[in-house]
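Chains A and B, in that order, give the protein sequences. Heads up, the numbering used here is the position in the first sequence plus 84, with the first residue counted as 1. Heads up, the numbering used here is the position in the second sequence plus 2, with the first residue counted as 1. Contents: one structure, followed by commentary.
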Amino acid sequence: MLAPNSRERLVVIGNGMAGCRAVEEIIARDPTRYSVTIFGAEPYVNYNRIMLSPVLAGEKSFDEIVINSAEWYAENGIELLSGDPVVSIDRVEKTVTARSGCTVGYDRLLIATGSDPFIIPVPGKDLPGVISFRDMKDVDTMLAAADAGGEAVVIGGGLLGLEAAHGLTLRGMKVTVIHLMPTLMERQLDEAAGWLLKTELERRGQTILTGADTAEIYGQGKVEGVRLKDGHEIPASLVVMAVGIRPSTALAREAGLAVGRGVQVDDHMVTSDPAILAVGECVEHDGNVYGLVAPLWEMCRALADGLVAEPSGYRGSVTSTKLKVSGIDVFSAGDFSGGDGAEDIVMRDAARGVYKRVIVKDDRIVGAVLYGDTADGNWYFDLLKKQEDISDLRDLLIFGQAFAQGGGQADPKAAVAALSDDAEICGCNGVSKGQVVASIGAGACSLDAVRATCKASASCGSCTGLVESLLTLTLGDEVQSGAKTLCKCTSFSHDDVRREIIAQALRSIPEVMQKLHWSTPDGCSSCRPALNYYLLCAWPGEYVDDQQSRFVNERMHANIQKDGTYSVVPRMWGGVTNPRELRAIADVVEKYNAPMVKVTGGQRLDIFGIKKDDLPAVWADLNAAGMVSGHAYGKALRTVKTCVGSEWCRFGTQDSTGLGVQTEKMTWGSWMPHKFKIAVSGCPRNCAEATIKDCGVVCVDSGYELHVGGNGGIKLRGTDLLCKVSTEQQALDYCAAFIQLYREEAWYLERTAPWIERVGIDYVRSRIVDDEIGREALTSRFLFSQNFSQDDPWAERAAGRDREQHAHLGEFRPLHAIAAE
Amino acid sequence: MMMTGDWIDIGAVAEIPQRGARTIKLGSTQAGLGEEIAIFRTGSDQIYALINRCPHKQGHLSQGIVHGEVVTCPLHNWRISLTTGRALGDDTGCVPTIPTRVDAGRVLISRIAMLATAAAA
Chain A
85 MLAPNSRERL
95 VVIGNGMAGC
105 RAVEEIIARD
115 PTRYSVTIFG
125 AEPYVNYNRI
135 MLSPVLAGEK
145 SFDEIVINSA
155 EWYAENGIEL
165 LSGDPVVSID
175 RVEKTVTARS
185 GCTVGYDRLL
195 IATGSDPFII
205 PVPGKDLPGV
215 ISFRDMKDVD
225 TMLAAADAGG
235 EAVVIGGGLL
245 GLEAAHGLTL
255 RGMKVTVIHL
265 MPTLMERQLD
275 EAAGWLLKTE
285 LERRGQTILT
295 GADTAEIYGQ
305 GKVEGVRLKD
315 GHEIPASLVV
325 MAVGIRPSTA
335 LAREAGLAVG
345 RGVQVDDHMV
355 TSDPAILAVG
365 ECVEHDGNVY
375 GLVAPLWEMC
385 RALADGLVAE
395 PSGYRGSVTS
405 TKLKVSGIDV
415 FSAGDFSGGD
425 GAEDIVMRDA
435 ARGVYKRVIV
445 KDDRIVGAVL
455 YGDTADGNWY
465 FDLLKKQEDI
475 SDLRDLLIFG
485 QAFAQGGGQA
495 DPKAAVAALS
505 DDAEICGCNG
515 VSKGQVVASI
525 GAGACSLDAV
535 RATCKASASC
545 GSCTGLVESL
555 LTLTLGDEVQ
565 SGAKTLCKCT
575 SFSHDDVRRE
585 IIAQALRSIP
595 EVMQKLHWST
605 PDGCSSCRPA
615 LNYYLLCAWP
625 GEYVDDQQSR
635 FVNERMHANI
645 QKDGTYSVVP
655 RMWGGVTNPR
665 ELRAIADVVE
675 KYNAPMVKVT
685 GGQRLDIFGI
695 KKDDLPAVWA
705 DLNAAGMVSG
715 HAYGKALRTV
725 KTCVGSEWCR
735 FGTQDSTGLG
745 VQTEKMTWGS
755 WMPHKFKIAV
765 SGCPRNCAEA
775 TIKDCGVVCV
785 DSGYELHVGG
795 NGGIKLRGTD
805 LLCKVSTEQQ
815 ALDYCAAFIQ
825 LYREEAWYLE
835 RTAPWIERVG
845 IDYVRSRIVD
855 DEIGREALTS
865 RFLFSQNFSQ
875 DDPWAERAAG
885 RDREQHAHLG
895 EFRPLHAIAA
905 E
Chain B
3 MMMTGDWIDI
13 GAVAEIPQRG
23 ARTIKLGSTQ
33 AGLGEEIAIF
43 RTGSDQIYAL
53 INRCPHKQGH
63 LSQGIVHGEV
73 VTCPLHNWRI
83 SLTTGRALGD
93 DTGCVPTIPT
103 RVDAGRVLIS
113 RIAMLATAAA
123 A
């Protein structure tokens, strides 16, 4: 091994996807050959530029799109000089100089400067508020503009422009897209798919002007609008220019390298100077320049092979495109312009908004355009790249891989198994099937592990299903489920779904299923109750509860027993009752022949054996004595158990009964991910057993200890001490904040105990104890949502609501053979 | 084709909630709850009728969550096919189905099957 100071010096200009990927490929082949210095113009580590759209749309954070963390640079001994663009190259002295004046010598230089946005030369193009969509700074500018609201114009209806428009629309701006050509994304889509796309975007509230030529951007001191050549004016406080990109070649040109449309390179990515290489969007190879991500991976492999291994050579790329606009699936690859000898195979399904077109020439696929259903995009693209003869498949080609190769039933696993090793699985990170299988073979046994090792599915996530299929194919039953999907109807996890409900402002179960690509028409008995809860939690007061997505107990507001009768538990605040309530309960037991009445573990009385038809009358009687639903049937606040406390007990330190009643008055009626139990004990003897509750208060002389995450069920778990507070009001506020954090972040049917074991008590403390502003916000969100959940459901039913839940549709008497309501 | 007289009108489709069910009580001289028929309406407005009794532990299927052409029993989450009455997945068992049809928004149920069910109850 060479000592670091005797290594060759490799200097990389450009800390983007191409530059860093090239370095990764080189290190993978020979980690000790070079000592590496990377110059970056932006003040960041390397992030995934194509994921800026999801950041703008609020679907990802910047941290989530980082490809190489600071640790990566450190672990590999790479010197990163970020925020300092290189301004000149001295090929004679073999040095580069950055804007700061820093000069570094090289043995090998790699130019990976990417491309610059093309700014159309119209008056007003330099006004403040006119930006491109190229880097994190542009995203920050757009987010700031969106915060102020108002109108935005996006010039350019290509991939980038539409993603910008989508993000700004989601952020609440009124967006107009100006596109010079007659159809959107005309370089990737044919007219039919372009029209479908335009219609869908207009339905989402964007204004799309095609065939529109920008004359000028106007405004006094800052942008105020855009004027078209036909005189039409569109007011705007933000103008995003996304009309195209150009290879960034200024440095190379000034250094005297051969430059055409891009920096010219040979098959090993070497420029006209043998000591200088170039890679990525800045290069021109064999007359072609590329503005997409996939060719970059292939270039970087060829470059590293040429530098430190067996030279392989880059042969140019065929590219495919996917639009990253949630809920709109668009795929395009190859040539769809038609021409001599080209034949079209087209399938349309207007009702589903599906359009598929495969272009065939000489029995080979030359292009494909898919809208609405892009599942077979990779398969068509694979056939296209390999130039396979499809004459045998032709009749069934348009129905996709499962039909064309496997007969009737679509089996996604068979489809994945049939893909070749070099078929691309993850377009965002350029990972082939072979690489995914290799990383699984090397010990990555879960989706998360695959994401961490080969980065497949780590960015936009659209290939998650493919990666999961590969895991199952390779490992069989040994797959470790990482982030568990919500249910078999979706590839999204609980966290994904909760995040998307907020990010995309999804407001009903059908909308969630549509936007998140549910694989079943109306879900299953696992996802429907979960979605109903997530929506209820996300949109308090707005979301209308779906009764048919409630488990029977929550739909009937009573607990179903094994014989089909129900048990009824009226609420007794803090476990305190009185003669009137007890008489009413006794009367109900006698009047409705309830076979049993029993004291529960939560200090309530449970009346058993009530028929569903009698429930409303039972509730009316209990209501008349002032009692409301005890929610003993719900994924909800159940009971607040108390001891007698300082009012009676010689050991009591505080009024635990009073605090328990106050707590129950505050929290009753709230729906939760799972059942939720509270207890308040008046002294550390803890007679109310507060330390096995979801939230327990133990009173001490100096205040109140707050304990969370206990469970007395199947798996006994003592609580963790959250913190100690000094007043009753604080105890109530912290309790509300904790409940709201649990409501907003736990998975449906996850009790507080496993939730806290999953996220860690330190995390909960950081949100509730350390972050005062955050805690107050949680408390107020909880109290706000309680405005809509403290109507007694029993009173509503007793008054006649949902009467059909308690009545037969009819009765059938064999003798009369009639049905009567 | 059967005569209209072979079908009994038990109510309007609209009286059954989408992805839900209602019940028909079988009049019986015996005491107790008697047998019930569960009439299901799916998300795509198909109507099915099953005996309201899960083959597992007699749970009331009418109270289950209806998804696709399946109902999940409220007691232990067995999944029962609405079209065949058979338990799905790893569970085995079957509940009798009763022929239904829909005519002009009314739900009709087979008289013969109802008589047979009542006799067996």
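By construction, the Cβ of each residue, glycine as well, lies at the ideal position given by its N, Cα and C atoms. Please read all numbers here as calculations on a predicted model, not as lab measurements.
Apart from the 5 residues on each side of it in sequence, A:A820 sits with its Cβ closer than 8 Å to the Cβ of M750, T751, L862, T863, F866, L867 in its chain, given in chain order. With respect to A:V367, A:V347 sits close: the two C-beta atoms are nearer than 8 Å.
In terms of Cα proximity to A:E300, the closest of A:I360, A:V214, A:T283, A:D219 is A:V214. Residues of chain B with a Cβ closer than 8 Å to the Cβ of A:Q304 do not exist, since the nearest Cβ in that chain sits about 56 Å away. Sequence-ordered contacts of the segment 589-601 of chain A with chain B are nonexistent [C-beta pairs closer than 7 Å]. Counting of Cβ neighbours within 10 angstroms places A:A670 among the exposed residues, the total staying below 16. A:C510 carries a strand assignment under DSSP once its states are collapsed to helix, strand and coil. DSSP lists A:I644, A:I694 as the bridge partner or partners of A:Y650. Put simply, the CB of B:V68 is near chain A, with a gap under 8 Å to one of its CB atoms. Taken in chain order, the members of the segment 73-87 of chain B whose beta-carbon sits within less than 7 Å of a beta-carbon on chain A are T74, P76, L77, N79. Around the beta carbon of B:C56, a 10 Å sphere encloses 16 or more other beta carbons of the protein chains shown; the residue is thus reported as buried. In this structure A:Q687 touches A:G659 by the C-beta definition: roughly 3 Å separates them, less than 8 Å. Chain A places a beta carbon closer than 8 Å to that of B:H62, counting this residue as a contact. Look at A:S609 here: in three-state DSSP terms it is coil, with no helix or strand label.
Secondary structure note for A:F868: its alpha helix (DSSP H) is the uninterrupted segment 856-870. Contact check for A:I691 against A:V652 passes: the beta carbons are separated by less than 8 Å.
Relative to the Cα of A:A106, the nearest Cα in the group A:K469, A:Q738, A:H352, A:Y832 belongs to A:H352.
Within 10 angstroms of the beta-carbon of A:K539 lie 16 or more other beta-carbons, which makes it buried.
Per DSSP, A:E812 is one residue of the alpha helix (DSSP H) stretching across 812-829. Here A:Y455 is bridged, per DSSP, to A:V414, A:Y439. Contact with chain A is found for B:G22, since one of that chain's Cβ atoms lies less than 8 Å from the residue's Cβ. Shown here for A:L481: same chain residues with a beta carbon closer than 7 Å to its own, the five before and five after excluded, namely I429, V442, I474, A488 in chain order. When DSSP reads this structure, A:Q348 sits in a beta bridge with A:E368. For A:R842, the enclosing alpha helix (DSSP H) has its first and last residue at 836-843. A:L615 is classed as buried because its beta carbon has at least 16 other beta carbons within 10 Å across all chains shown.
Distance from A:L293 to A:V261 at the Cβ level is roughly 7 Å; contact confirmed, criterion being Cβ atoms closer than 8 Å.
Around the Cβ of A:D579, a 10 Å sphere holds fewer than 16 other Cβ atoms; the residue is exposed. DSSP places A:M597 in the helix class (H, G or I) of the three-state scheme. Around the beta carbon of B:I111, 16 or more other beta carbons sit within 10 angstroms, so the residue counts as buried. With its beta carbon less than 8 Å from one in chain B, A:L893 belongs to the interface.
The shortest C-alpha to C-alpha distance from B:G70 to any of A:E275, A:S633, A:G303 is the one to A:S633. Pairing A:Y832 with A:Y617 gives a Cβ-Cβ distance under 8 Å. The criterion of a C-beta distance shorter than 8 Å is not satisfied by A:V237 and A:V327.
From the listed residues A:S404, A:N795, A:A393, the smallest Cα separation to A:A378 is found for A:S404. DSSP places A:C384 in no beta strand (DSSP E) but in the uninterrupted alpha helix (DSSP H) bounded by 378-392. Contacts between A:R897 and chain B, judged by CB atoms closer than 7 Å, involve G29 in chain order.
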